[in-house]
Each structure stands twice: as C-alpha cells, then as structure tokens.
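The working numbering puts the first residue of the sequence shown at 35, with every later residue one more than the last. All residues carry an ideal CB built from backbone N, CA and C; glycine is no exception. Structure first, commentary second.
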Amino acid sequence: MQWSDKDISRIEGKFDSFCKTVLRNFARDWYRAEQRHHATEVLFSELPDGQLFEPIHNDPICPLEQYLFDDLELPININNDALAQALLQLSRRKRQIVLLAYFCDWTDQQISERFHVVRSTIQSARTKALKEMRELLEKQSET
C-alpha cells in the first residue's frame, strides 16, 4: 500500500499532537505536584519555638554486645543476641555453612567446593541448620 503525501502529513500531525498533549499533561501534573508540595512544606527555621515535631526515622539501639564469629577466614559481627546464641549452639560445620550462605552471600555450589562435597549435601545441611536454629529461637522466645 502506498501512502500519499497527504496521508503521511496527516499521520505526522496526529502523532505530533499526541506527543504535545502528553508533554503538556505531564508538565501540568508536575507543576500541580510542586504547588501541593510547597503549600504543605514547612521549614525547620520557620517552626515556632517550643513546637515539637516527630522524627521521621528512629535509629535502632545499639546492642551492648557484638558477637564475633571467626570460624572462617573473615570475621563476621552479629548484633542480634538471640541469633548469635542460636548460631553458637550449632555445630561448627553447620555454623560455617549458615554464615557463608547468609552473611557472605555464597551460593551452595561455592560452599560445596570449599568443603569438597556435593551441592545437595550443603543444601541439606543448611536446611537442617535453619530448622535447628528456628527451634532454638522459638524456645528462647517462649522463656
């Protein structure tokens, strides 16, 4: 099918009109959002004395103890007391697998190469270690 110059001009005009409408509407939306933002914005310097404001972000309280696991070549600090206690109760091999998998972001294949076993063995050991840790954490939360 051959397009005539008139058809091509009409199609280009429609496309041009569509693009201008989209850009105009986007600019309107952005301008209105800016107006709403400026209408509700209050600078800290403009707050009256004595007016309290709620913080947006609360920093977690730093734990008193940090647990250092140096079973591996690199030391791993864990700040959560319950998690650290559960890891301490695991066997050394299971603890290393969990630390490598979840704190060092190693894959099961990489861990299996380190321990010279097949990947499925690592996967099974990791699953059992997590189940054991879950049970330990549930016992800790009950007491």
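Cut-off 8 Å between Cβ atoms - residues of its own chain near residue i, not counting five sequence neighbours on either side
| i | result |
| --- | --- |
| Val152 | Ser146 |
| Ala159 | Arg127, Lys128, Ile131 |
| Leu133 | Phe103, Asp105, Leu106, Ile110, Leu121 |
The beta strand (DSSP E) enclosing residue i, as first and last residue numbers
| i | result |
| --- | --- |
| Phe103 | 101 to 103 |
| Asn59 | Note, Asn59: premise wrong, no beta strand (DSSP E); alpha helix (DSSP H) at 39 to 74. |
| Asn111 | 110 to 112 |
Residue from the options with nearest C-alpha to residue i
| i | options | result |
| --- | --- | --- |
| Asp115 | Asp41, Leu171, Ser51 | Leu171 |
| Phe137 | Ile112, His150, Leu124, Lys48 | Ile112 |
| Met167 | Glu68, Ile42, Ser125 | Ser125 |
| Lys173 | Gln123, Asn59, Gln144, Ala135 | Gln123 |
Residue i: first and last residue of the uninterrupted alpha helix (DSSP H) it sits in
| i | result |
| --- | --- |
| Phe149 | 142 to 149 |
| Asp139 | Segment: none, Asp139 is in no alpha helix (DSSP H) and carries neither H nor E. |
| Thr177 | Per DSSP, Thr177 belongs to no alpha helix (DSSP H) and is neither H nor E. |
| Gln36 | Neither: Gln36 is in no alpha helix (DSSP H) and is coded neither H nor E. |
| Leu122 | 115 to 123 |
Cβ neighbours of residue i in the same chain (closer than 7 Å, five flanking residues each side left out)
| i | result |
| --- | --- |
| Ala118 | Tyr101, Ile112 |
| Gln143 | Arg153 |
Residue environment, residue i, which counts as buried when at least 16 other CB atoms sit within 10 Å
| i | result |
| --- | --- |
| Met35 | exposed |
| Ala73 | exposed |
| Ala163 | buried |
| Ala61 | exposed |
| Ile156 | buried |
| Ala67 | exposed |
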